[in-house]
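Sequences listed follow chains A and B, in order.
The first sequence stops at residue 289 when you use the numbering used here, and every number in between is there.
The second sequence stops at residue 363 when you use the numbering used here, and every number in between is there.
Idealized CB from N, CA, C, for every residue including glycine.
These numbers come from a predicted model, not from an experiment.
The structure appears below as structure tokens.
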Amino acid sequence: MARRRREIGKAGWGRTAMSAVISFIYFFPVLWIILTAFKTHTDALAIPPKFLFTPTLENFANVFSRAYQRGGEEIDTHFDLFFFNSIFIAGTSVLLALAVGTLAAYAFSRFPLRGNDTYMFIVLTTRMLPPIIVIIPIFLMFRVTGMSGTYAGIILLYAAFNLPFTIWMMKSFFDEIPPEVEDAARMDGSSEFKVFFKICLPLVKAGLAATAVFGLILTWNEFLFALLLTGMQTRTVPVAMAQTIGGDIGVRWGLLAAIETLFLIPVVLVTFLLQNQLLRGVTFGTIRR
Amino acid sequence: MADIELRNLTKLFGKLAAVDDIDLDVEAGEVMCLLGPSGCGKTTTLRLIGGLEQETAGDIFIAGKRVNKLRASQRDIAMVFQFYALYPSLTVAENLAFPLHAEKLSKAEIAQRVAHIADVLELSHALNRVPGRLAEGEKQRVAVGRAIIRDPQCFLFDEPLSRLDVALRQEMRGQIKQLLGDLHKATVIVTHDQIEALTIGDRIAVMRDGVIEQVASPHNIFAQPANVFVAGFIGTPQMNLLPARGIAADGARLRTRLLDQEVTLPIEHRGADLPRADATMTVGIRPRGFNLATEAGPDTLAGTVDLVEPMGAETLMHLRVGEADVRVVTGYRKAIAVGRHLRVRPRAGQVHIFDDTGQRVEP
Chain A
1 MARRRREIGK
11 AGWGRTAMSA
21 VISFIYFFPV
31 LWIILTAFKT
41 HTDALAIPPK
51 FLFTPTLENF
61 ANVFSRAYQR
71 GGEEIDTHFD
81 LFFFNSIFIA
91 GTSVLLALAV
101 GTLAAYAFSR
111 FPLRGNDTYM
121 FIVLTTRMLP
131 PIIVIIPIFL
141 MFRVTGMSGT
151 YAGIILLYAA
161 FNLPFTIWMM
171 KSFFDEIPPE
181 VEDAARMDGS
191 SEFKVFFKIC
201 LPLVKAGLAA
211 TAVFGLILTW
221 NEFLFALLLT
231 GMQTRTVPVA
241 MAQTIGGDIG
251 VRWGLLAAIE
261 TLFLIPVVLV
271 TFLLQNQLLR
281 GVTFGTIRR
Chain B
1 MADIELRNLT
11 KLFGKLAAVD
21 DIDLDVEAGE
31 VMCLLGPSGC
41 GKTTTLRLIG
51 GLEQETAGDI
61 FIAGKRVNKL
71 RASQRDIAMV
81 FQFYALYPSL
91 TVAENLAFPL
101 HAEKLSKAEI
111 AQRVAHIADV
121 LELSHALNRV
131 PGRLAEGEKQ
141 RVAVGRAIIR
151 DPQCFLFDEP
161 LSRLDVALRQ
171 EMRGQIKQLL
181 GDLHKATVIV
191 THDQIEALTI
201 GDRIAVMRDG
211 VIEQVASPHN
221 IFAQPANVFV
231 AGFIGTPQMN
241 LLPARGIAAD
251 GARLRTRLLD
261 QEVTLPIEHR
271 GADLPRADAT
281 MTVGIRPRGF
291 NLATEAGPDT
301 LAGTVDLVEP
311 MGAETLMHLR
321 VGEADVRVVT
331 GYRKAIAVGR
341 HLRVRPRAGQ
351 VHIFDDTGQR
361 VEP
């Protein structure tokens with residue numbers, strides 16, 4: 001044979017180049033948003049699109065304070081509050097779901113009820129409903145209980161939304177721990193609490209990280225409930241962003257892109273910090289015996 | 001010094017009795033091996049003693065104290081698990097130290113004990129590694145070390161050597177026997193490997209279907225099996241268990257119809273009742289309990305060589321006698337051709353008689 005065979009397991013140049021192209025296509029929208037965030041209004045609307053331009057930070061400044069009418073006075077947009085709200089609400093609700101869900105998952109995994117699978121299925125069905133279907137009853141519940149527009153209300157709601165997913169994910173991680181390890185700890189004089197906190201929890205660290213990231217992204221992007229159930233003080237960024245569209249000079253693409261760029265940062269940061277755990281978490285088979 | 005007593009212990013899983021009304025005493029300092037085929041209830045018995053399963057009925061006493069109501073963590077027992085069950089997220093040193101935290105020892109005391117155990121079990125080089133990075137033999141030693149680092153009332157071992165390869169298993173078998181001798185505590189070892197049970201145990205309890213068939217010393221369980229099951233289970237190659245009918249008994253001889261041949265068997269008569277002359281019985285003779293006979297005689301069994309399996313120092317041959325297959329072990333020097341007609345003579349002291357219910361008859 002004339003052609004030398006490649007080493008097994010190594011991709012050739014052709015495939016590497018193809019992967020690069022596909023990756024670029026996927027990444028392009030993100031790149032475009034980041035570029036647009038640094039463009040003036042005119043540059044953003046230019047046809048053909050400009051790839052070379054003089055960058056400006058004006059859009060970022062405008063996110064937090066700007067004039068609503070041409071030539072009008074610059075007003076605080078409260079976007080700093082909205083960013084705080086998004087971080088606080090997503091963070092708290094995910095932590096809450098993680099705390100409750102992990103305990104529930106451990107119970108489902110280790111102390112199964114009669115008809116355990118049925119309970120697990122019921123837990124899952126709450127995620128099957130499209131949110132739009134439950135929005136009216138939930139809206140009414142929030143009205144009646146006065147939780148509309150409060151942090152507690154929206155945090156509880158998001159935590160409840162994240163719970164089924166958390167329980168299912170964490171149960172699968174607990175199922176992976178050999179029960180013998182827990183028995184060994186019991187024989188070695190550990191109480192049930194110590195078995196859980198000292199033995200089981202460290203073994204599912206990767207699972208906790210993966211579950212947390214998925215929950216955070218889900219909550220971070222949530223729009224519908226935030227729109228209806230948050231007030232001026234508890235508004236999150238996606239809602240505020242939607243309300244930014246419009247104005248007397250048409251859609252301000254540069255401004256929107258700047259908000260989006262800022263909105264991306266926490267997600268990128270969290271994913272980056274947890275990436276090792278995350279990879280192990282989503283690929284499963286994490287426990288070495 | 002503590003002993004273990006099991007009284008009428010029963011464990012049901014649904015309707016299935018995994019452990020069925022067993023009684024067992026393990027004396028202080030004694031090593032008891034629970035031996036049996038898989039699914040016979042030996043591991044369940046061990047877990048009941050350890051408090052990892054809740055018994056359906058019966059009592060467990062440790063050092064004379066009823067422990068039924070105590071949790072595993074309160075029973076003061078150390079256990080070595082079949083799959084080692086090391087704590088994957090902790091280093092070897094932390095694994096070894098883990099049982100000591102429950103005893104509220106000082107840091108210095110813990111460090112000193114870990115160093116000592118690591119020294120005894122040759123684990124000093126691996127103290128900072130996690131279990132995932134250990135060789136199989138090292139994992140096994142950590143599992144043992146974690147059990148013996150405390151000073152518990154008794155020890156439980158669940159198939160401690162089953163995951164090791166043959167060479168390592170032989171080596172560890174010796175080490176564990178020595179270790180248990182030094183510890184001098186009531187110990188229960190579960191195994192399905194009869195060599196392991198015979199070599200390590202002070203006594204052996206043979207289990208089948210949740211019931212203990214016989215408890216005896218390794219020598220007696222081999223020399224005087226209590227019933228057909230134990231006789232067939234202990235010893236390799238397996239004992240020949242042949243159907244027979246008595247014709248007449250006198251003194252040290254039992255005339256029988258054995259596999260359609262009339263054979264006079266040598267039995268040691270100790271004055272007890274012999275089986276009734278016309279009773280159906282099972283005659284048990286180990287493959288090593290025959291001599292080759294040079295001439296025909298009333299005390300020989302005739303057959304045709306069906307298969308020859310060389311085993312090194314000895315040769316195992318399968319003799320076809322009527323419809324039955326009789327296993328006979330001879331020295332390797334005797335060359336035996338397949339198809340040859342032979343006669344074999346059961347040696348005195350090698351004949352076991354079981355009655356029609358399968359129980360041993362002591363003539």
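Which of helix, strand or coil DSSP assigns to residue i
| i | result |
| --- | --- |
| residue 162 (chain B) | coil |
| residue 281 (chain B) | strand |
| residue 404 (chain B) | In this structure chain B extends from 1 to 363, so residue 404 (chain B) is not present and cannot be described. |
| residue 169 (chain A) | helix |
| residue 194 (chain B) | helix |
| residue 266 (chain B) | strand |
| residue 329 (chain B) | strand |
| residue 162 (chain A) | helix |
| residue 147 (chain A) | coil |
| residue 172 (chain B) | helix |
| residue 37 (chain B) | coil |
| residue 298 (chain B) | coil |
| residue 183 (chain B) | helix |
| residue 355 (chain B) | coil |
| residue 177 (chain B) | helix |
| residue 68 (chain B) | coil |
| residue 261 (chain B) | strand |
Opening and closing residue of the alpha helix (DSSP H) in which residue i lies
| i | result |
| --- | --- |
| residue 120 (chain A) | 116-128 |
| residue 217 (chain A) | 205-221 |
| residue 110 (chain A) | 79-110 |
| residue 182 (chain A) | 179-187 |
| residue 220 (chain B) | 218-223 |
| residue 195 (chain A) | Segment: none, residue 195 (chain A) is in no alpha helix (DSSP H) and carries neither H nor E. |
| residue 229 (chain A) | 224-229 |
| residue 260 (chain A) | 253-273 |
Same chain, Cβ closer than 8 Å to residue i, neighbours up to 5 away in sequence not counted
| i | result |
| --- | --- |
| residue 41 (chain A) | 249, 252, 253 and 254 |
| residue 162 (chain B) | 82, 191, 192 and 193 |
| residue 195 (chain A) | 182, 185 and 186 |
Beta strand (DSSP E) segment containing residue i, residue limits
| i | result |
| --- | --- |
| residue 240 (chain B) | 240-250 |
| residue 255 (chain B) | 253-258 |
| residue 302 (chain B) | 301-310 |
| residue 234 (chain B) | Unbroken run through residue 234 (chain B): none, as it is neither H nor E. |
| residue 53 (chain B) | Residue 53 (chain B) -> no beta strand (DSSP E), and no H or E assigned at all. |
| residue 237 (chain A) | From DSSP, residue 237 (chain A) is part of no beta strand (DSSP E) but of the alpha helix (DSSP H) over 237-244. |
| residue 315 (chain B) | 314-321 |
| residue 346 (chain B) | 341-346 |
| residue 338 (chain B) | Neither: residue 338 (chain B) is in no beta strand (DSSP E) and is coded neither H nor E. |
| residue 205 (chain B) | 203-208 |
| residue 11 (chain B) | 4-13 |
| residue 291 (chain B) | 290-293 |
Contact set for residue i: own chain, Cβ-Cβ below 7 Å, skip 5 residues either direction
| i | result |
| --- | --- |
| residue 43 (chain B) | 158 and 190 |
| residue 183 (chain A) | none |
| residue 129 (chain B) | 91 and 92 |
| residue 199 (chain A) | 181, 182 and 185 |
| residue 80 (chain A) | 64 |
6 Å Cβ shell around residue i - same chain, five flanking residues per side excluded
| i | result |
| --- | --- |
| residue 202 (chain B) | 30 and 31 |
| residue 137 (chain B) | 168 |
| residue 328 (chain B) | 287, 290, 317, 319 and 344 |
| residue 253 (chain B) | 264 |
| residue 164 (chain A) | 123, 124, 126 and 127 |
| residue 306 (chain B) | 318 and 320 |
| residue 27 (chain B) | 3 |
| residue 50 (chain B) | 72, 77, 79 and 156 |
Runs of beta strand (DSSP E) wholly within the segment 8-75 of chain A (minimum 3 residues, chain order): 65-67, all fully within the segment 8-75 of chain A.
Inter-stretch contact at 8 Å, needing at least 3 Cβ pairs: the segment 61-70 of chain B / the segment 10-21 of chain B: Fewer than three beta-carbon pairs drawn from the segment 61-70 of chain B and the segment 10-21 of chain B are found closer than 8 Å, and the two stretches are therefore not classed as touching.
Three or more C-beta pairs below 8 Å linking the segment 98-105 of chain B and the segment 142-152 of chain B: Touching, yes.
Extract the residue ranges of the beta strand (DSSP E) inside the segment 117-166 of chain B, only unbroken runs of 3 or more that lie entirely within it. Whole beta strand (DSSP E) segments, 3+ residues: 154-158.
Check whether the segment 207-219 of chain A touches the segment 261-272 of chain A, taking contact to mean three or more Cβ pairs, one atom from each stretch, closer than 8 Å. With contact defined as three or more Cβ pairs closer than 8 Å, the segment 207-219 of chain A and the segment 261-272 of chain A are in contact.
For the 8 Å Cβ check, are there 3 or more pairs between the segment 281-290 of chain B and the segment 344-360 of chain B? Touching, per the Cβ criterion.
Just checking, does the segment 130-150 of chain A make contact with the segment 228-248 of chain A on the three C-beta pairs under 8 Å criterion? By the Cβ rule, the segment 130-150 of chain A counts as touching the segment 228-248 of chain A, because three or more pairs are nearer than 8 Å.
Taking the runs of the beta strand (DSSP E) that are 3 residues or longer, which of them lie wholly in the segment 71-120 of chain B? If we require 3 residues or more, the beta strand (DSSP E) runs fully inside the segment 71-120 of chain B come out as 77-80.
Taking 8 Å as the threshold, find out whether the segment 297-306 of chain B comes into contact with the segment 247-266 of chain B through three or more Cβ pairs. The segment 297-306 of chain B is in contact with the segment 247-266 of chain B.
Three or more C-beta pairs below 8 Å linking the segment 124-139 of chain A and the segment 58-68 of chain A: The way I'd put it, the segment 124-139 of chain A doesn't touch the segment 58-68 of chain A; fewer than three beta-carbon pairs between them come closer than 8 Å.
Any contact between the segment 103-114 of chain B and the segment 169-177 of chain B? By contact I mean 3 or more CB pairs, one from each, below 8 Å. Result no; under three Cβ-Cβ pairs closer than 8 Å.
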